[in-house]
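One structure is given below, encoded as structure tokens.
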Amino acid sequence: MGFQTIRDEAINVLKQGPVPQHIAFIMDGNRRYAKMHGVPLVKGHYLGAEALSDVIKACFLCGVKGVTVYALSLENLKRSKEQVNQLMDLFKFQITELCKPGGLAERFQSSFRILGQLDKVDDDLRARFVEAMENSRYRKERFVNICIAYTSRDEIIRAMRTTVGLSRNMLSSSHITDHFLTMQMYTADDPAVDLLVRTSGVRRLSDFLLWQCHEDTDIQIVDSLWPEFGISDLFMVILRWQRKKARDARPKMEKTTSVDTEKRSTEFTTL
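As structure tokens, then:
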């Protein structure tokens, strides 16, 4: 049995149950993978980019509506100029591959967005990002968000500044609600984050989507380094998410059944 057949069978199994509509990934471990295998650090990042394409494709085939990934934090921009330039070149390669005619974004009718401070990247890369976002903005079936020059705290501060600006235009304090602030975030038009996955076994969120992770977000830490993260890993994290959804739904079903039974009992007694 070939790999594609196994992949298709696994996807069919997952699609028998609910599928998360929005998955977020902290892609950690590219540098560690490169060091472990004795290859240049930039090679680790390019292998990570290949893994990202495979993961996005598998997510869409499973029925996931959107994927958000943490590609570059504001803190990462403090690395050496050589490393930052290598990452910028990688992003140029990645955007070309994802958004080329017949590429992943077009094949799956996916919009493409960069979340973060675009003014922090070089002019050429920024122009490519803007063009890719503009060309894909009418696609509504699926979405890919790539967070670059991003931290969640910076996003929240930006949202608060927007709110303050609106409040000066006669916005009442009673209008500033959880929902209102959510609508000022980069992800305002996206479904809630159902599942957040971090690779490399490190147990922290690294200032990623702190506002978007809510009480129903399932956060999973996997030991695989990002370049190693494959279809089998994705299958397992979605399967664990499905099991958690089933466990969470059980008490609600039992409560509903109990209420219905009590109601029928009361109706019978009054006859």
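In terms of UniProt numbering, the sequence shown opens at residue 1 and continues consecutively. By construction, the Cβ of each residue, glycine as well, lies at the ideal position given by its N, Cα and C atoms.
In the DSSP assignment, Ala-24 forms a beta bridge with Thr-68 and Leu-196. For Ala-58, the uninterrupted alpha helix (DSSP H) segment begins and ends at 41 to 62. In this structure, Ser-73 lies away from Phe-235, with their beta-carbon atoms at least 9 angstroms apart. Uninterrupted alpha helix (DSSP H) stretches at least 4 residues long and entirely within the region 88 to 127 occur at 104 to 107, given in chain order. A check of alpha carbon separations from Ile-157 across Trp-211, Ser-110, Lys-100 and Tyr-138 identifies Trp-211 as the nearest. DSSP, reduced to helix, strand and coil, places Gln-16 outside both helices and strands of the structure shown, so it counts as coil.
Taking Thr-96 as the centre and dropping the five residues before and after it, the same chain places no C-beta closer than 6 angstroms to its C-beta.
Linking Phe-108 to Thr-68 through their CA atoms gives a straight-line distance of about 16 angstroms. In this structure, the CA atom of Lys-78 is about 20 angstroms from the CA atom of Lys-43. The beta carbon of Arg-113 lies closer than 6 angstroms to those of Met-133 and Asn-145 in the same chain, with the five residues before and after it left out.
Asn-85 counts as exposed, since fewer than 16 other C-beta atoms from the protein chains shown sit within 10 angstroms of its C-beta. Residue burial annotation: Asn-30 is buried, with at least 16 other C-beta atoms found within 10 angstroms of its C-beta. The criterion of a C-beta distance shorter than 9 angstroms is not satisfied by Leu-239 and Thr-217.
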